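What follows is one structure encoded as C-alpha cells, with my remarks underneath.
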Amino acid sequence: MQIDLIKKIIVILFFAALLATPYIMKQLEIMSSDNESDIDKQSAIERYGFFLEEVSDETGIEFKHQSPLLDERLNHILPQVASIGASVSIVDLDNDGYQDIYLTNSRYNTRNALFKNNGDSTFTDVAQEMGVADLNKEGTGVSMGTVWGDFNNSGYEDLFLYKWGKPELFRNNEGRGFTRVTDEAGLPDWINANSAVWLDYDADGFLDLFIGGYYDENINLWKLETTRVMPDSYEYATNGGRNYLFRNNGDGTFTDVTEETGLTTRRWALAAAAADLTGSGYPDLVIANDYGVDEFFVNENGSFFRNAGEPAGIGFAPKSGMSVAFADILNQGVFSMYITNISEPGVLIQGNNLWVPSNKRDDLPVFSNLAGNFGVELGGWSYGGQFGDLNNSGYQDLYVANGYVSAEMGTDYWYDFSKIAGGNQAIIEDAKNWPDMGGRSLSGYQQNRIWLNDGAGRFREVSSNVGGFLDLDSRSVAFADLNNSGTLDIIVATQNNEAKVYRNNTDPASNWISFHLEGTDSNRSAIGAIIELYWDDKRQVQVVSGGNAFSSQNQRPLHFGLGKSEEVEKAVIKWPSGREQVIDKPEISRLHRVTEPTGN
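This is the structure we're talking about:
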C-alpha cells in the first residue's frame, strides 16, 4: 500500500513539473544568460575581455567521434548506454614547447588521433606512425579517455588509455613514438572504466595510477551473459565497477593496492581528480559518482585513504556526478570543487555543485554548496566542467559541456525514462525492461555554458556573446595555449560528432604568467605540485593535474591571468616532495620553466 502511494505521488509530481516547464525555463534563461544578442569580436573583447573563434578546419584538426555498438540486446536503449567515450587530453609529447592534442574514438575498428602541433597554428595527426591510433580492435574494448604522466621519470610524458575493455599503457620514446608496456606493467585484463588519474599518493617520487570503474569489470558489453547490467538504484547504486589504485614500483611495474588503501567502493565512477585539499602534503581524491553520492577520500600520510565525504559535507546528497574540477574561485588561497550533475527544466533539477570550503573541523575542510549563490548551478545534462582564466582577468572562469542524446528534434524520452528510474531494483537493473528510445532525444541540443567569474562571488553566462555557442552533445573539455600567445584556447570533444577547437582572442591589455614545472625528488611531471601566486594584493592557487573534469586533461603548464597588473610579487611552489620554493618577482607575460631544486 505504501509503495503504491509513493508511486502515485511521483506521477503527480512529474506532471506538475511538466506544467511548470515554461516558468522554469524562463527562470533558467533569466538566471543563467546575459539575454543579449550576439556581438562582434571587437565589442566582445571590449566588454568581456575575450572572443572565441572556431578554428577546427583551418588548424587541420578534423576528427569525428563514433559511439560504441554493443550487444544487440541493448539496441533499444543504445544511445543512452553508449553515450560516452568522446575525450580530449593535452600533452607536449616531444618537449618542443607546443601543446599537442589526443582525441579518442569508441567504436570497434575506429582510430584515435594524436594531433601534433606544428608550431604555426596547424596540426598533423601522427597517431598511426607513433603507434597510438589503432587501439579499438575487436575483442579488446574501446577507448573512453586518456591521461598523460611520466611514470618512469624519463622526462617525456607517457600515455595511459582507459577503456571499456583492456586498459593500455604506452611508454614515450623521447617524442619519437610509443612502446606498448601494458603487459609488463601488470594492469588488469578488463576494466569498464570512465576515469583515471595520475597521482603520487605516497610521495615517493613515482606516479601512481587511480582508475574508476563504471560498469562491473566482469561485464563484456559486446557479449552479455545477462541484461541485468544497469544500476540497481538511481540514488544509491552499488553494483558498478570496482575502483583501482596501482602503486608504481619504480621499475616499470605496478602493484594493486586498492584493498590496503581503502578505495574499495563499488559505485559508478564517472570522474576523479586529486589534489592536497587538507594541507597534509599528500594528494586527496574526489570521485564523482553517477547514480549516487560523491566521495571525498582523505589521504592519511600516503598509506591509507579515509572516506570523509559526509563529515566534509559533500557525501550525503545522491545525484548524478559526472565531472570534478578544482579552482581557487575567490583568490583566497584555497580550492573549491565543481561537480556536474543533471538539470532538465520541468523534469529533474539536480543542479551542479560548487563546493566551497567554509570552515574546518578536526583539520578536515567542511564544504558548502554555493552553486546557486554563484550562478553556476543550472547548466543542463552537464558533463565536463573545466576551470581556467579565459579573459586573463585574474579570476578562474568555468566552461561546462552539456547535452545527453540529441536525436529527432521535438521528441522526448524523459517520460519513459522517469518511469523506469522510479521503479524498484529488479526493474531498473534489467535493460530489457527499459522502453525503446525509438529515435527520441533525451536532454538533447543543450547549449554549453561559459561562465565568467567577476571575482566578487558571481559568475555570468556569456557563451553566445563571445563566439562560444555550441549545442552538440559535448562531453570533455580541455584548455591549452595552442599558439603560445598567453591565452587559454578551448578544445571540446563531442559524442558522435566533430571535435571543436576555439582560438581565444583576449584583450591585449590583460597580462598573464605561466609556469611549467619539472620535478627531481618529486615525480618528473610535477603532478600534485601547487603554485600560490601573489600579485596586486591578490593570491591564487593552482595544482598540476594528472587528469580532471570529465575524461579530460588540461595542458601541463599552469596559466595565471593578471588583469591589468604589471608585476607579480612572488610565486610559492609546494612540490610533492614537501620542498617549498619561492620565486620573487617573476617576469610577466612569459612561460617560466622551473626545475625543482635538489638538496635541503
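Just add 288 to wherever you are in the sequence shown, counting from 1, and you've got our numbering.
All C-beta atoms in this analysis are idealised placements derived from N, C-alpha and C, irrespective of residue type, glycine included.
Bear in mind that the values here come from a model prediction, so they are computed numbers and not experimental data.
By a beta-carbon distance limit of 8 Å, D677 does not contact Q387. Their separation comes to about 16 Å. Under the 10 Å beta carbon count, G429 is surrounded by 16 or more other beta carbons and is classified as buried.
Beyond the five residues adjoining it in sequence on each side, D504 comes within less than 6 Å, by CB distance, of G529 in the same chain, given in chain order.
Sixteen is the threshold: since fewer than 16 other Cβ atoms of the shown chains lie within 10 Å of the Cβ of Q416, the residue is exposed.
Put simply, the region 845 to 860 touches the region 795 to 806. At least three CB pairs are less than 8 Å apart. Counting only residues of its own chain and dropping the five nearest sequence neighbours on each side, Y687 has a CB closer than 6 Å to the CB of Q674, I738, V765. Across the structure, N721 and V376 are spaced so that their CA atoms are roughly 34 Å apart. Here E334 is exposed, its C-beta having fewer than 16 other C-beta atoms within 10 Å. By the C-beta density criterion, N799 is buried, having at least 16 other C-beta atoms within 10 angstroms.
In the structure shown, E632 adopts extended strand secondary structure according to DSSP, grouped into three states. For E786, the three-state secondary structure derived from DSSP is strand. In terms of Cβ geometry, W486 and G834 form a close pair [threshold 8 Å]. When DSSP states are grouped into helix, strand and coil, K720 belongs to the helix group. Listed in chain order, the beta strand (DSSP E) runs fully inside the region 670 to 716 are 670 to 676, 685 to 690, counting runs of at least 3 residues. Shown here, N441 sits in coil according to DSSP, grouped into three states, outside any helix or strand. The criterion of a C-beta distance shorter than 8 Å is not satisfied by L740 and F705. In the three-state reduction of the DSSP assignment, Q830 falls in the strand class. Secondary structure note for K329: it is in no beta strand (DSSP E), and the uninterrupted alpha helix (DSSP H) holding it is 329 to 336.
The Cβ atoms of N424 and Y444 do not sit closer than 8 Å to each other.
Burial state of R459 is buried, judged by a 10 Å Cβ sphere holding 16 or more other Cβ atoms.
Judged by DSSP secondary structure, N460 falls outside any alpha helix (DSSP H) and instead within the beta strand (DSSP E) spanning 456 to 460. Q330 places its beta carbon 8 Å or farther from that of V693. Taking a 10 Å sphere around the C-beta of P796, we find fewer than 16 other C-beta atoms and assign the residue as exposed.
Between the C-alpha atoms of N680 and I637 there is a straight-line separation of about 32 Å. Around the CB of N506, fewer than 16 other CB atoms lie within 10 Å, so the residue is classed as exposed. Between L658 and V644, the gap from beta carbon to beta carbon is short of 8 Å. K451 is bridged by DSSP to S431. Scanning N536, G732, D471, I617 for the CA closest to the CA of D492 turns up N536. In the DSSP annotation of this structure, the continuous segment of the beta strand (DSSP E) that includes L850 starts and ends at 846 to 851. Rounded to whole angstroms, the gap between the alpha carbons of T434 and R844 is 14 Å.
P519 has its alpha-carbon roughly 30 Å from the corresponding atom of L565. I637 carries a strand assignment under DSSP once its states are collapsed to helix, strand and coil. Residue nearest to T808 within the set L366, V517, N441 is N441 (criterion: CA-CA distance).
Comparing C-alpha distances from A421 to each of F439, I389, I630, D408 shows the shortest one belongs to I389.
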